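Following: one structure in structure tokens, then a few remarks.
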Amino acid sequence: MNDAPDKFLSMIRSARRGRHKIYLGYCAGVGKTIQMLKEALRLRDVEKLDVAIGLLETHGRAETAACKEDLEEIPRRKIVYRNMEITEMDVPAILKRHPQVVLVDELAHTNAPGSKNPKRYQDVEELLEAGIHVISTLNIQHLESLYEIVEKNTGIRVKERIPDWVVTRADEVVNVDVSTTDLRERIRSGRVYPRERIDAALANFFQDDNLQQLRELSLRELAAQLDLKFREKRDPEEMEESANPDQVLVCLSSLSPNADALLRYGSRLAGRLNRNWYALYVQTAKENATRIDAETQRRLSNTLELARQVGATVFTFKSDDIVGTILQFAREHRVGHIVIGPSARRLSWLDRLRGKSTLLEQLTLANRDFKIVVTENAGSK
Numbered sequence: 178m179n180d181a182p183d184k185f186l187s188m189i190r191s192a193r194r195g196r197h198k199i200y201l202g203y204c205a206g207v208g209k210t211i212q213m214l215k216e217a218l219r220l221r222d223v224e225k226l227d228v229a230i231g232l233l234e235t236h237g238r239a240e241t242a243a244c245k246e247d248l249e250e251i252p253r254r255k256i257v258y259r260n261m262e263i264t265e266m267d268v269p270a271i272l273k274r275h276p277q278v279v280l281v282d283e284l285a286h287t288n289a290p291g292s293k294n295p296k297r298y299q300d301v302e303e304l305l306e307a308g309i310h311v312i313s314t315l316n317i318q319h320l321e322s323l324y325e326i327v328e329k330n331t332g333i334r335v336k337e338r339i340p341d342w343v344v345t346r347a348d349e350v351v352n353v354d355v356s357t358t359d360l361r362e363r364i365r366s367g368r369v370y371p372r373e374r375i376d377a378a379l380a381n382f383f384q385d386d387n388l389q390q391l392r393e394l395s396l397r398e399l400a401a402q403l404d405l406k407f408r409e410k411r412d413p414e415e416m417e418e419s420a421n422p423d424q425v426l427v428c429l430s431s432l433s434p435n436a437d438a439l440l441r442y443g444s445r446l447a448g449r450l451n452r453n454w455y456a457l458y459v460q461t462a463k464e465n466a467t468r469i470d471a472e473t474q475r476r477l478s479n480t481l482e483l484a485r486q487v488g489a490t491v492f493t494f495k496s497d498d499i500v501g502t503i504l505q506f507a508r509e510h511r512v513g514h515i516v517i518g519p520s521a522r523r524l525s526w527l528d529r530l531r532g533k534s535t536l537l538e539q540l541t542l543a544n545r546d547f548k549i550v551v552t553e554n555a556g557s558k
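Each residue of the sequence shown is one higher than the last, beginning at 178 in my numbering.
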């Protein structure tokens, strides 16, 4: 990690749009903010760049506060909400001040009501578009596609989440890692939380098993990002020669009770393969907007929006031939993996006698070109 500042510096000097660097950690307390501050001081003092703090959370940690030294901190904007004064990053002030590099802590933060953007990562996008380079911090559990995995492995439902594309599009991702033993020792010594919160923290979120799971996720995510950057640098002709149909397609249904899990699985699969992926919804005549209830319409709309948030290119077609539409789309878009949930509805023996079959069965019988991935605990038509 010693050469990370030099790499980011070279990108800064060759860029028009702002460059984005993320310090990624598996948990609070691993040292992301401190590493960010150390790099900022180096860029300012050694490289003579104009660096300012857009937003920094010390959480009362003396070590973090000490690392700030005399870095300029752009004052926060005050928002009054329900008779309470809340402070948020002042994007207009940063744009007006226009430093070369700005530090933005806690990328997954949800802004207070009344803010221009709902999420802090959207504020960062504004800064990048204005040509300001951003260094930020993020914990792995806030990635949208990991929601079910984190909940399953740790029992924790993470409320603040960001789309995976925020990390995928970052120009550099640096993993800040310490052993789980060292992290728990930091907590015991009072370096992460005040004394009155230590016992509760160690007994709940910061259990060793939880930390091990999150650390593994963080390391895997970094490996995927490195592999993706390597692939992007390969010669286009070499890429074309080795290109097989390997894009990922997630099939959606208005009847699926677990479409969110299906999409997050597809996102992770595409991430491991480092390939584009698509979400496809085929609207039959009986699912016309005038024939389905408002709740189903709302759920479908939310599902399609989530698909976009986790990085899918979304397609909607109208057809009563669902299987034919899926297979035609897959062939035209070089799909190698079709992700679908198990059938939500079991056919009766009478239906079987009449020659009926489920969508999954029809797709399997008609397909010889693609790998069909059936996820557990997800419904489909």
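Don't be surprised by glycine CBs; every beta carbon is placed ideally from N, CA and C. Here the structure is a predicted model, which is why all the values come from computation and not from measurement.
Quiz item: Taking Cβ positions, are ILE251 and GLY291 nearer each other than 8 Å?
Solution: no
Quiz item: What is the DSSP secondary structure of CYS244, counted as helix, strand or coil?
Solution: helix
Quiz item: What's the gap between the Cα of PRO295 and the Cα of GLU337?
Solution: 11 Å
Practice problem: Compare the C-alpha of HIS319 against each of HIS310, GLY308 and ILE333 and name the closest. | Solution: ILE333
Quiz item: What does DSSP give as the partner residues of LYS495 in its beta bridges?
Solution: GLN460
Practice problem: Tell me whether THR235 sits in a helix, a strand or coil according to DSSP, three-state version. | Solution: coil
Self-check item: Best match in LEU323, ALA307, GLN539 and ASP470 for proximity to VAL500 [C-alpha to C-alpha]
Solution: GLN539
Practice problem: Starting from the C-beta of THR235, find all residues in its chain whose C-beta is less than 7 Å away, skip the five residues before and the five after it, and write them out in chain order. | Solution: THR241 and ALA242
Quiz item: Helix, strand or coil: which one does DSSP assign to HIS510?
Solution: coil
Quiz item: Alpha carbon to alpha carbon, what distance is there between PHE494 and ILE189?
Solution: So the alpha carbons of these two residues sit roughly 43 Å apart.
Practice problem: Starting from the C-beta of PHE383, find all residues in its chain whose C-beta is less than 7 Å away, skip the five residues before and the five after it, and write them out in chain order. | Solution: ARG361 and ILE364
Quiz prompt | N-terminal and C-terminal residue of the beta strand (DSSP E) that LYS198 is part of | solution = 197-202
Quiz item: Which term fits LYS548, buried or exposed, when burial requires 16 or more other beta carbons within 10 angstroms of its beta carbon?
Solution: Counting of Cβ neighbours within 10 angstroms places LYS548 among the exposed residues, the total staying below 16.
Exercise. List the endpoints of the continuous alpha helix (DSSP H) containing LEU220.
Key: Element bounds for LEU220: 209-222.
Quiz item: What did DSSP end up calling LEU315 once you bin it into helix, strand or coil?
Solution: strand
Practice problem: Verify whether the separation of the beta carbon atoms of LEU232 and MET266 is less than 8 Å. | Solution: yes
Quiz item: Tell me which same chain residues have a C-beta within less than 7 Å of the C-beta of ALA420, skipping the five on either side of it?
Solution: Below a pLDDT of 50, predicted positions are generally treated as unreliable, and ALA420, at 47, falls in that range; no measurement from the model is reported.
Quiz item: Any idea what DSSP makes of THR552, helix, strand or coil?
Solution: coil
Quiz item: Going straight from the alpha carbon of ALA466 to that of LEU481, what length do you get?
Solution: 15 Å
Quiz item: Roughly how many whole angstroms lie between the Cα atoms of SER356 and LEU396?
Solution: 12 Å
Quiz item: In terms of residue numbering, what span does the alpha helix (DSSP H) encompassing LEU446 cover?
Solution: 436-450
Practice problem: From the DSSP output, read off the bridge partner residues of TYR455. | Solution: LEU426 and THR490
Self-check item: Span of the alpha helix (DSSP H) around TYR324
Solution: 324-331
Practice problem: Take LEU248 as the anchor and find which of HIS275, LYS215 and VAL344 has the nearest alpha-carbon. | Solution: If we check each option's Cα against that of LEU248, LYS215 comes out closest.
Self-check item: Proximity winner among HIS275, MET213 and PRO269, relative to GLU246 (alpha-carbon distances)
Solution: MET213
Exercise. Taking 8 Å as the threshold, find out whether the stretch 214-230 comes into contact with the stretch 383-393 through three or more Cβ pairs.
Key: Counting Cβ pairs under 8 Å, fewer than three are found: no touch.
Exercise. Measure the C-alpha to C-alpha separation of ALA307 and LEU432 and round it to an integer number of angstroms.
Key: 43 Å
Quiz item: Looking only at its own chain, which residues have a Cβ that is under 7 Å from the Cβ of THR287, when we skip the five neighbours before and after it?
Solution: PRO295, LYS296 and GLU337
Quiz item: Between the Cα of VAL459 and the Cα atoms of ASP423, LEU504 and ASN330, which residue gives the shortest distance?
Solution: LEU504
Quiz prompt | Beta-carbon gap between GLN486 and GLU321 smaller than 8 Å | solution = yes
Exercise. Sort CYS428, PRO269, THR264 and LYS463 by Cα distance to THR490 and report the nearest one.
Key: Measuring from the Cα of THR490, the nearest candidate turns out to be CYS428.
Quiz prompt | Start and end residues, alpha helix (DSSP H) containing ARG254 | solution = ARG254 -> not in any alpha helix (DSSP H); beta strand (DSSP E) instead, spanning 254-258.
Self-check item: Sequence-distant residues of the same chain with beta carbon closer than 7 Å to ASP300, five excluded per side
Solution: Answer for ASP300: MET266, VAL268 and ASN294, listed in chain order.
Quiz prompt | Counterpart residues of LEU280 in DSSP-defined beta bridges | solution = ILE230 and ILE312
Exercise. Pull up the DSSP beta-bridge partners for MET261, would you.
Key: Per DSSP, the beta bridge partners of MET261 are TYR258.
Quiz item: Should ALA543 be labelled buried (16 or more other beta-carbon atoms within 10 Å of its own) or exposed?
Solution: exposed
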